[in-house]
Amino acid sequence: MEQDKSTTIEHQLGQIADMLILNGTLTECPGLLHGKMGIAIFFFHYAQHTANEFFEDYAIELIGVIQSQIHNNSTSDYQRGISGIGIGMDYLIRNGFLVADEDIFGDFDKRMYRAVMYDPWQDFSLYDGLTGYGRYWIDRFHQQKISCQARECLLHIAGQIEENFPDIHEKEQTDAYCFLHDLHKMPGFDICDRLLERCRKWDLQSADISRCFPRLQDSTKGYVIRLYLHNLYFNIRHDISDALKQLLNLDMEYRKSDMGLFTGYAGEGMLRLLALKPSNMSWMTLL
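Here the numbering used here is used: the first residue of the sequence shown is 611, the next is one more, and so on.
Written as structure tokens, this is what we have:
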């Protein structure tokens with residue numbers, strides 16, 4: 611029975627790859643969650659899974675198209691803009707899919723510095739707000755030549771969280787906490803310890819897992835990712851093996867709303883790769 615399910619998933623992956631090849635370059639959005647960057651991430655993983663260089667070549671082509679779409683006034687948000695694209699690039703480099711090239715990030719750094727220090731911002735959410743910008747600068751902090759710039763931006767975001775602390779909406783609290791949690795682990799940010807302790811009083815690690823990470827939708831994917839992130843950020847050891855087994859029962863009955871990593875075919879493909887190889891979970895930190 612498990613072999614039959616694996617065969618079904620492989621067939622579904624083939625269908626997803628065909629759909630994305632037909633529509634990937636036609637997808638207008640260059641971003642991580644709804645556009646080309648998420649599609650490229652799927653194809654790099656799928657190329658590794660199939661040992662087929664064609665899919666890797668297509669992913670590299672998508673990266674080139676993304677770079678040609680970016681300009682000085684590109685949106686800076688995480689789900690569609692520069693922040694998420696930069697984090698996607700860093701993810702691919704750290705996982706050996708792309709060779710590190712700091713020239714890629716030069717214009718990104720300038721745009722994201724402006725976004726944090728000068729542009730109006732919407733809220734503290736990961737997908738649309740300041741903590742999404744923060745995720746970008748946490749990833750960039752390890753680069754010595756821009757570490758001072760990254761530190762300035764990160765401390766500015768932490769300062770905004772502290773200044774607005776009593777009024778941060780409950781739907782944004784988990785994102786603010788996770789940003790500070792990641793910042794707390796970095797050298798030279800002990801100043802954020804007190805603020806992180808204040809955030810812990812929000813009782814975000816509720817036993818009701820559906821309350822955690824409200825940005826994720828109610829779905830099999832959302833449930834699995836919630837468990838993974840809950841383990842990562844709250845040190846509560848959920849056994850997610852049963853949840854992963856549910857992935858073997860995924861079907862392709864419903865047409866997806868887009869091609870991307872969050873609600874689209876690229877995300878469906880990553881779920882099926884996870885079902886076949888449960889050890890490959892690091893991509894879930896992108897959502």
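Positions of the beta carbon are idealized from the N, C-alpha and C atoms, including for glycine.
Return the first residue and the last residue of the alpha helix (DSSP H) that N841 is part of.
-> Here the alpha helix (DSSP H) through N841 covers T830 to F844.
At a cut of 8 angstroms, does the segment 731-741 reach the segment 707-723 through at least three beta carbon pairs?
-> Segment contact: the segment 731-741 against the segment 707-723, fewer than three CB-CB distances shorter than 8 angstroms; contact not assigned.
Inspect the CB distances between the segment 865-878 and the segment 620-636 and report whether three or more fall short of 8 angstroms.
-> Result yes; three or more Cβ-Cβ pairs closer than 8 angstroms.
Report, in whole angstroms, the separation of the C-beta atoms of G696 and F664, which I expect to be a contact under 8 angstroms.
-> Contact annotation, G696 with F664: C-beta distance approximately 27 angstroms; criterion of less than 8 angstroms not satisfied.
Residue environment, L897, which counts as buried when at least 16 other CB atoms sit within 10 Å = L897 should be labelled buried.
How long is the line joining the alpha carbons of R595 and M894, rounded to whole angstroms?
-> Only positions 611 to 897 of the chain appear in this structure, which leaves residue 595 out of reach.
Are E671 and A657 closer than 8 angstroms when you measure CB to CB?
-> Not in contact: E671 and A657 (Cβ atoms no closer than 8 angstroms).
Residue from D749, Q732 and F653 whose Cα sits closest to the Cα of F707 = Closest in alpha carbon position to F707, among D749, Q732 and F653, is F653.
Below 6 angstroms CB to CB, which residues in the same chain sit around T555 once its five sequence neighbours on both sides are set aside?
-> Nothing can be reported for residue 555, as the shown portion of the chain is limited to 611 through 897.
Please name the residue, chosen from H644, I714 and N841, that lies closest to G674 on a Cα-to-Cα basis.
-> Of the candidates H644, I714 and N841, the residue whose Cα lies closest to the Cα of G674 is I714.
Please specify which runs of the alpha helix (DSSP H), each continuous and at least 4 residues long, are wholly inside the segment 716-767, giving them in chain order.
-> Those alpha helix (DSSP H) runs which fall completely within the segment 716-767 and span 4+ residues are 716-727 and 740-750.
Do M647 and G698 have their C-beta atoms closer together than 8 angstroms?
-> Yes, these two residues count as a Cβ contact at 8 angstroms.
Cβ neighbour criterion (16 or more within 10 Å) applied to Y728 | When all chains shown are included, Y728 counts as exposed.
Where does F570 land, buried or exposed, given buried means 16+ other C-beta within 10 angstroms?
-> The question about residue 570 has no answer here: the residues shown for the chain are numbered 611 through 897.
Below 7 angstroms CB to CB, which residues in the same chain sit around E620 once its five sequence neighbours on both sides are set aside?
-> Around E620, the same chain offers no residue with a beta carbon nearer than 7 angstroms, after the five sequence neighbours per side are excluded.
Please confirm whether T635 and G645 have their CB atoms less than 8 angstroms apart.
-> If you check the CB distance, T635 and G645 do not come in under 8 angstroms.
I680 to S693 span [Cα, whole Å] = It is roughly 12 angstroms from the alpha-carbon of I680 to the alpha-carbon of S693.
Look at the alpha carbon of Q753 and the alpha carbon of D813, and state the distance between them as a whole number of angstroms.
-> About 34 angstroms.
With burial defined as no fewer than 16 other Cβ atoms inside 10 Å of the residue's Cβ, what is the status of G798: buried or exposed?
-> Per the 10 Å Cβ criterion, exposed.
Expected contact under 8 angstroms - CB spacing of F643 and Q677 to nearest Å = The displayed chain sequence assigns Leu, not Phe, to residue 643. About 18 angstroms separates the beta carbon of L643 from that of Q677, a gap too long to meet the 8 angstroms contact definition.
Do you know how far the Cα of H659 is from the Cα of P730?
-> So the two alpha carbons sit approximately 42 angstroms from each other.
To the nearest angstrom, report how far apart Q783 and D733 are at their CA atoms.
-> Spanning the two alpha carbons is a distance of roughly 11 angstroms.
Between E762 and the ligand MN, is the CB less than 7 angstroms from at least one heavy atom?
-> Of the ligands one can find in the structure shown there are none, so the ligand MN has no counterpart to examine.
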